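Numbering (my numbering), first residue to last: 23 to 237.
Where is the CB? At the ideal position from N, CA and C, for every residue including glycine.
In this text, all values refer to a predicted model and were calculated from it rather than measured experimentally.
Take a look at the structure set out below.
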Amino acid sequence: MKYWFNEPELKAILPLAASSAVRGLSSNFNTPRIFMGPNALPKGKGLGASPIDLIGTKCSKKRAFIVTDDFAKRFSSRVIKAFEASGFETQLWSNALPEAPLNNVIECSEIMSQFNPDLIVALGGGSIIDGAKGAWIYYERPDVTDLRVLSPFEPLGLRKKAIFAAIPTTSGTGSECTAMAVIHDTESDRKIPVANSDLLPDFAILVPEFTMTMP
């Protein structure tokens, strides 16, 4: 008797169906909404709505808290100008440190809470974006006392207070498009990986000029 599962054609197809390439095509792959190009951060009013105008439609209070460091701060004037031209009130916090130390992240969240934004903008490299994500968690979830106990399988419940936009100034870890953050616990000298689908930024703004002077 000839069984259907012994058909040569079927045997040839089944290994392909189980391949990583096919599994990847059939799995979910979420990304932020990406704005890319020299006009992603307009220098003035254009004929139509700008990407920042579109972000503004998601923010009722239009209060943007911008997280950056001393190095990437040189790009902040253009970022502030673009957001304020779209009606945002902004506050710049430029004390972010490399490797996103936990105490620095907590300090950022405290200043963030005082401003009470409905948009968080991370401007810088991967550490800056990761640190801003960590501060976002503390801002939205003051009940969280230990990032290490957060489950990647349970929603964090973010976006009740603010949404998140990332503006990378390096081509590194791609934190602007991932649902990950790595925070440095300096007391134990250990890295805290935080993975959760809620950490995926809502928007990624890619401005070519910001990466042209990278070493």
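For P215 and F186, the gap between their C-alpha atoms comes out near 19 angstroms. In this structure, A71 lies away from F110, with their beta-carbon atoms at least 8 angstroms apart.
Per DSSP, reduced to three states, the secondary structure at D75 is helical.
As computed with DSSP, T112 is found in a beta bridge with A86.
Put simply, the stretch 171-180 does not touch the stretch 119-131. Fewer than three CB pairs are less than 8 angstroms apart. Its Cα nearest to that of D152, the residue T195 stands out among T195, N138 and L114. Nearest to N117 by C-alpha distance, out of K80, A157 and E209, is A157. Between D92 and M234, the alpha-carbon positions lie close to 18 angstroms from each other.
Here the C-alpha atom of L114 lies approximately 8 angstroms from the C-alpha atom of T90. Cβ contact annotation for T53 (same chain, cutoff 6 angstroms, sequence separation greater than five): C199, in chain order. The C-alpha of P230 is placed about 23 angstroms away from the C-alpha of K155.
Here A104 is near L63, since their CB atoms are less than 8 angstroms apart.
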